[in-house]
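Trainee: Protein sequence lines correspond, in order, to chains H and X.
Final position of the first sequence in our numbering is 588; the numbers increase by one with none missing.
Final position of the second sequence in our numbering is 588; the numbers increase by one with none missing.
C-beta atoms are modelled at their ideal positions from N, C-alpha and C, and glycine is treated no differently.
2 protein chains.
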Amino acid sequence: MNLKTLAEKLQLSQTTVSRALNGYPEVSETTRRRVEEAARAHNYRPNSRAKGLATGRAMVIGHVIPASTQHEMVNPVFGDFVAGASRAYAACGYDMMFTRVDDGDEEQAYHALVAKGSVDGVILQGPKVNDARIPLLKRIGLPFIVHGRSSGIEEDYGWVDVNNKRSFQRATEFLIDLGHKRIALINGLEQMDFAHRRREGYVEALKSARIEPDSALMRSAEMTEVYGHHETRAMLKMDNPPTAILAASMISAIGVRRAIDEAGLTMARDVSVITHDDDLSYLRNGSDVPIFTATRSSVQQAGEILSRMLIEKIEQPDTPNKSHMLEAELVVGRSTGPAPEMRR
Amino acid sequence: MNLKTLAEKLQLSQTTVSRALNGYPEVSETTRRRVEEAARAHNYRPNSRAKGLATGRAMVIGHVIPASTQHEMVNPVFGDFVAGASRAYAACGYDMMFTRVDDGDEEQAYHALVAKGSVDGVILQGPKVNDARIPLLKRIGLPFIVHGRSSGIEEDYGWVDVNNKRSFQRATEFLIDLGHKRIALINGLEQMDFAHRRREGYVEALKSARIEPDSALMRSAEMTEVYGHHETRAMLKMDNPPTAILAASMISAIGVRRAIDEAGLTMARDVSVITHDDDLSYLRNGSDVPIFTATRSSVQQAGEILSRMLIEKIEQPDTPNKSHMLEAELVVGRSTGPAPEMRR
DNA sequence: GGCGCTTTCCAAAGCGCTTTGGATTTCCTC
DNA sequence: GAGGAAATCCAAAGCGCTTTGGAAAGCGCC
């Protein structure tokens, strides 16, 4: 069923039917109702490609995902973020499209996306420090919002981010207040902007407390469970092991806990742990009492806010860029306690 | 840059340029090269909507995700599955599109997808027992492949699935061989087909060993960490607690372990645990020695196989439906040991 | 040079929609 | 009942591509 045959059936012109369905005022309420009913009865939907061709809008929002690394997709955060974003998309009639690109072809991919006209805007995920994609997208003129920010980029752009620096600063201070002096940071990949900022917060808190940051206590890699386990095990074997550990995600924190258990130690009593918690649906930080003391910020909520901002930007391109800072909440759970030396 | 202006620049007709770029034989190698070069130089890509309109193909594969439950998206399995699928899509020039639909509107959504012509086929994820979507899609005539199967559906359809029944049967037998008699099943939602089959395998193994299945030892819910923890804690408090637990996923197994630890027990010595392991990138089952004894099957690989099958089906609609059964591997890790009674 | 054949190219129709610029009808007002 | 405004509808162009049905040019051959 297409517009033409529907119009013939109704004995109306295509114009009138189109207008009736798209809510234009030049059509009487009587005919509009008649048209709408017929459309429903025949299960008519305008062909999205034809509509897009005529309007110049795709009603699709793109996510470009670098292939070789794949960090974004397989990170459990991805699912919750997308779930949040999809809520806003669905409400506004957008679909979301994922394009996988081989590493290094990102610039090409964005150019192609715009030339092919397959999306109206993109979400930029996982920004790095000095992320070249931001100036690139500005140059191309494709609307975008960044999930996170990019240190070192001066240009003006829209973003939604957690205050990573502040939250890790607070977490570190919290541990310092408990008497900890040997505090380890099991960070994400530090070329990623969020990890970079977290480290800044951590270092700053240490310095304020006149504790010299020890590079032996700082690790950086992709935030898997195995990584959290591996680094913790290594650090606990040191001559002067940490009494507290800051972990970058729930998943790596689980690895941290496993290493602590295996070393015959007890979390909170022997080693305190604080993690960042993205409030993932499948990995809640306990039900009543939190398992881990954590800096919590819902990534699903971030996804929703972000996609709303992007849609607004697409539909009103000339409004100035907006940004939204989410403050993480520090929830105190069962993984932290006073430093061992203090208890004697 | 569009076809028309490119053709003008080259002093050729649109036809010739189009044919040159699409590899038709009616154009000399000399002009083809000339055209290709110009296309590259001007960064020309055919507009995908116009192309789709003309060819009737969207070069997009859809995933329809029910909204209210959202199980699919936030499940960490989702990311790995999509990462695998995207590999095949990218190789064949397809994009993937996600449409979120409100619960109950699924039928509408599929109809819309086909009427709007926005996808060439869909992947059906998370099939339930007697899943109505399968006959629906057949009726509509939209190409699809199922990730999993649906017990109770007689119709012929293409699928990729893990042999869930067999793998949980083997896992149960493994525990029985170790002397366990009180074996609990912390299953996924049993309206989901995979969970249904796992339970069948579990029950069958028990019956073969003349152990009467105990409904008090069987739980079913969404496979979160908190769920694994909650059910394990409850069962360990029973008068006649289980000595072994079968968990439905790595994430719930982590909850199981947490409950075991909290109860002051030791995994493997006091309580054995076997889990299914989807081989998620961020949640590997240990590095050298597996943490958990597990039935392992890569969901990323499943995604890749499945999307290749779907593309084949889209491009050659008349070939008979194919299916692919993946056998899970039983890897023995550190979470299983002889039943406590046996050691005395 | 005319014939048939291949090679190489093109004009124009069509995909299904929106939208412009008019045309026609209806309704009020005096 | 004439004039003008408002309401209602329509034909046709255009979005950027593919593809059909030919046309023109080049070639070997008698």
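How big is the Cα-Cα spacing for residue 568 (chain H) and residue 404 (chain H)?
Mentor: Rounded to whole angstroms, residue 568 (chain H) to residue 404 (chain H) spans 5 Å at the Cα level.
Trainee: Using 8 Å as the Cβ pair cut-off and three pairs as the minimum, do the stretch 414 to 428 of chain X and the stretch 515 to 526 of chain X touch?
Mentor: Judged by Cβ distances under 8 Å, the stretch 414 to 428 of chain X makes contact with the stretch 515 to 526 of chain X, as three or more pairs qualify.
Trainee: Since residue 294 (chain H) meets chain X, which of its residues come closer than 7 Å, beta carbon to beta carbon?
Mentor: Result: 297.
Trainee: Give, in chain order, every residue of the stretch 505 to 520 of chain H whose Cβ lies closer than 8 Å to some Cβ of chain X.
Mentor: Residues passing the 8 Å Cβ filter: 505.
Trainee: How is residue 255 (chain X) classed by DSSP in three states: helix, strand or coil?
Mentor: Here residue 255 (chain X) sits in coil by DSSP.
Trainee: The ligand ATP and residue 526 (chain H): does the residue's C-beta get closer than 7 Å to at least one heavy atom of that ligand?
Mentor: Ligands are entirely absent from the displayed structure, and the ligand ATP is therefore not among its contents.
Trainee: Got a sec: is the Cβ-Cβ distance from residue 282 (chain H) to anything in chain X below 8 Å?
Mentor: For residue 282 (chain H), the answer is no, since every Cβ of chain X falls outside 8 Å of its Cβ.
Trainee: Does residue 378 (chain H) come out as helix, strand or coil in the three-state DSSP assignment?
Mentor: Correct three-state label for residue 378 (chain H): helix.
Trainee: By the criterion of Cβ-Cβ separation under 9 Å, what are the contact partners of residue 344 (chain H) in chain X?
Mentor: Result: 327, 330, 331, 333, 334, 339 and 340.
Trainee: Can you tell me which residues form a DSSP beta bridge with residue 343 (chain X)?
Mentor: Its beta-bridge partners are X:308.
Trainee: Please look up how many angstroms separate the CB atoms of residue 344 (chain X) and residue 334 (chain H), rounded, as I've assumed it's under 8 Å.
Mentor: With 8 Å as the limit, residue 344 (chain X) and residue 334 (chain H) qualify as a contact, their Cβ atoms being about 4 Å apart.
Trainee: Find the nearest neighbour of residue 283 (chain H) within the set H:269, H:263, H:480 and H:296, judged by alpha-carbon distance.
Mentor: Looking at the Cα atoms, H:263 is the closest of the given residues.
Trainee: In chain X, what lies closer than 8 Å to residue 468 (chain H) by C-beta?
Mentor: What residue 468 (chain H) touches in chain X: 525, 526, 527 and 528.
Trainee: Contact between the stretch 471 to 484 of chain X and the stretch 447 to 457 of chain X: three or more CB pairs below 8 Å?
Mentor: The stretch 471 to 484 of chain X, when compared against the stretch 447 to 457 of chain X, does not touch it at the 8 Å Cβ threshold.
Trainee: Check this for me: beta carbons of residue 497 (chain H) and residue 480 (chain H), under 8 Å apart or not?
Mentor: Cβ distance not < 8 Å, so residue 497 (chain H) and residue 480 (chain H) don't count as in contact.
Trainee: Grouping DSSP H, G and I as helix and E and B as strand, with all else coil, what is residue 588 (chain X)?
Mentor: The pLDDT assigned to residue 588 (chain X) is 47, lower than 50, so where the model puts this residue is not dependable, and the model offers no usable value.
Trainee: Indicate whether the contact test is met: 3 or more Cβ pairs, each with one atom in the stretch 533 to 541 of chain H and one in the stretch 566 to 580 of chain H, closer than 8 Å.
Mentor: The stretch 533 to 541 of chain H is in contact with the stretch 566 to 580 of chain H.
Trainee: Below 8 Å, how does it come out for the stretch 555 to 565 of chain X and the stretch 366 to 373 of chain X: are there three or more Cβ pairs, yes or no?
Mentor: At 8 Å Cβ cutoff, the stretches do not touch.
Trainee: Per the DSSP calculation, residue 389 (chain X) is bridged to which residue(s)?
Mentor: The partner list for residue 389 (chain X) (beta bridge, DSSP) reads X:367.
Trainee: Mind pulling the chain X residues with CB within less than 7 Å of residue 264 (chain H)?
Mentor: The contacting residues do not exist; residue 264 (chain H) stays about 18 Å from chain X at best.
Trainee: Would you mind reading off the limits of the beta strand (DSSP E) that contains residue 516 (chain X)?
Mentor: Segment 516 to 521, the beta strand (DSSP E) holding residue 516 (chain X).
Trainee: Considering Cα atoms alone, identify which of H:455, H:338, H:443 and H:521 is closest to residue 320 (chain H).
Mentor: The residue with the shortest Cα to Cα distance from residue 320 (chain H) is H:521.
Trainee: Run through DSSP, which three-state label would residue 372 (chain H) get?
Mentor: In this structure, residue 372 (chain H) counts as strand in the three-state DSSP scheme.
Trainee: Quick one: what does DSSP say residue 249 (chain X) is sitting in, helix, strand or coil?
Mentor: Of the three classes helix, strand and coil, the one that applies to residue 249 (chain X) here is helix, per DSSP.
Trainee: Bridge partners of residue 447 (chain X), per DSSP?
Mentor: Residue 447 (chain X) pairs with nothing; no bridge assigned.
Trainee: Which residues in chain X sit within 7 Å of residue 322 (chain H), going by Cβ to Cβ distance?
Mentor: In chain order: 323.
Trainee: Could you check how far apart the C-beta atoms of residue 582 (chain X) and residue 422 (chain X) are, in whole angstroms? I think they sit under 8 Å.
Mentor: Right, their Cβ atoms sit about 5 Å apart.
Trainee: Kindly indicate which residue of X:435, X:246, X:293 and X:402 has the alpha-carbon position closest to the one of residue 562 (chain X).
Mentor: Cα-wise, what sits closest to residue 562 (chain X) is X:402.
Trainee: Select from X:292, X:291, X:290 and X:260 the residue whose C-alpha is nearest the C-alpha of residue 278 (chain X).
Mentor: Closest option to residue 278 (chain X), Cα to Cα, is X:260.
Trainee: Mind checking which residues open and close the beta strand (DSSP E) that includes residue 540 (chain X)?
Mentor: Taken as a continuous stretch (DSSP letters only), the beta strand (DSSP E) holding residue 540 (chain X) covers 537 to 540.
Trainee: Measuring CB to CB, does residue 305 (chain X) end up less than 8 Å from residue 493 (chain X)?
Mentor: Cβ atoms of residue 305 (chain X) and residue 493 (chain X): not closer than 8 Å.
Trainee: Should residue 317 (chain H) be flagged as near chain X, meaning a C-beta pair shorter than 8 Å?
Mentor: By this cut-off, residue 317 (chain H) is an interface position.
Trainee: For residue 291 (chain H), which residues does DSSP report across the bridge?
Mentor: Per DSSP, none; premise fails for residue 291 (chain H).
Trainee: Looking at chain X, which residues of the stretch 428 to 447 of chain H have a Cβ within less than 9 Å of any of its Cβ atoms?
Mentor: Here the close residues number zero.
Trainee: Measure from the alpha carbon of residue 390 (chain H) to the alpha carbon of each residue in H:325, H:507 and H:431, then state which is nearest.
Mentor: Out of H:325, H:507 and H:431, H:325 has the C-alpha closest to the C-alpha of residue 390 (chain H).
Trainee: Whole angstroms are fine: how far does the CA of residue 323 (chain X) sit from the CA of residue 526 (chain X)?
Mentor: Residue 526 (chain X) and residue 323 (chain X): Cα-Cα distance of roughly 10 Å.
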